[in-house]
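Colleague:
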Ligand code: NAP
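Here it is in structure tokens:
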């Protein structure tokens, strides 16, 4: 049976480390500040925003939540982001995605001051990632890397297959794995015979958004399987992109859904906020 990669436990450990670091600089009176902007009332987004706020409270960070109505004009949202860019109490800005259809997410992301881009989605952050320069990394893929590191699962030399090529997960995930010396293949909806490609992998990262897409016959015996997907079935059950029950007996390690990658995303958002805080406050001298 596979080793269960426990996202709740690792997320807690990462946040405890951040708390320890923050403790050392607390006497300055300054604290990291995160602004989370939610447009509309997508139920999953409401839950995620609530978790982010709670994580800030637990760590003693300053946090602000902006809830805007679905029909908010683009100019108003961009105006709020510009205001937050200028706000010295705020070191990180996260605009919760997806946005309602009339709003252009790329325009919104590009309005965020790259120093405050704690979601790691700004082209500046993505450019730094590809260049192998230090910077703010997209929280979910960085969370996967932190999870692997915690369990001492080194990607070096492994054949890794990332399923999904989104800007938020798949592409930065592939890049981080390349940086960690894995040999990486990226699959997507046009990949032919995807099962055969996945079967080659020592490390599989599924970020597709299709319930239980990855089945046991697609996975090599002893592979490490990381499931980023969060899907709700018709019966209302939360499941990943991986058929956990069938794959767990043949994998060497696997993340559950829920309780796997999800909590890691929050931990890495806190890490990015703390990093952005240090960089902005140090640069102000
Ligand atoms: P996305 O933007 O919809 O991208 C999905 C990717 O999967 C695309 O690249 C798409 O290929 C590929 N894909 C779709 N159907 C496929 C198929 N039949 N065969 C092969 N590839 C297929 O989604 P995302 O934002 O990356 O999110 C992916 C999943 O992760 C979702 O379930 C989401 O809820 C979850 N998620 C979880 C967290 C977390 O914290 N745990 C964070 C973010 C996202 P094309 O490019 O060819 O269309």
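In the numbering used here, the protein residues as written are 40 to 324.
Note that the Cβ used here is the ideal one computed from N, Cα and C, for glycine as well.
(1) Is the CB-CB distance between residue 175 and residue 157 below 8 Å?
(2) From the DSSP output, which residues share a beta bridge with residue 254?
(3) How would you write the range of the beta strand (DSSP E) that residue 131 sits in, first residue to last?
(4) Within 7 Å: the Cβ of residue 241 and any heavy atom of the ligand NAP?
(5) Buried or exposed: where does residue 228 fall if 16 or more other Cβ atoms within 10 Å of its Cβ makes it buried?
(6) If you compare alpha carbons, which of 285, 274 and 63 is closest to residue 255?
(7) Based on the DSSP secondary-structure assignment, which residues constitute the bridge partners of residue 106?
(8) When every heavy atom of the ligand NAP is checked, does at least one fall within less than 7 Å of the C-beta of residue 270?
(9) Just confirm the distance between the C-beta atoms of residue 278 and residue 251, as a whole number of angstroms; I'd bet it's less than 8 Å.
(10) For the ligand NAP, I want to know if residue 158 counts as a neighbour, meaning its beta carbon is within less than 7 Å of at least one of the ligand's heavy atoms.
(11) So, residue 95 versus residue 73, is the Cβ gap smaller than 8 Å?
(12) Does the Cβ of residue 141 have 16 or more other Cβ atoms within 10 Å, making it buried, or fewer, making it exposed?
(13) Would you mind working out which of 54, 92, 55 and 77 sits nearest residue 111, comparing C-alpha positions?
(14) Taking 7 Å as the cut-off, is the CB of residue 205 close to at least one heavy atom of the ligand NAP?
(15) Quick one: complete alpha helix (DSSP H) runs, 4+ long, within the region 270-306?
(16) Could you tell me which residues DSSP pairs with residue 163 in its beta bridges?
(17) Could you pull the DSSP bridge partners for residue 222 from this structure?
(18) Got a sec: does the ligand NAP put a non-hydrogen atom nearer than 7 Å to the Cβ of residue 130?
(19) Indicate, with yes or no, if the ligand NAP has a heavy atom lying under 7 Å from the CB of residue 230.
Modeller: The relevant details are as follows:
(1) yes
(2) In the DSSP output, where bridge partners are listed per residue, residue 254 has none listed.
(3) 131-134
(4) no
(5) exposed
(6) 285
(7) 77
(8) yes
(9) 6 Å
(10) no
(11) yes
(12) exposed
(13) 77
(14) yes
(15) 283-286
(16) BP columns for residue 163 are empty, so no partner.
(17) 198
(18) no
(19) yes
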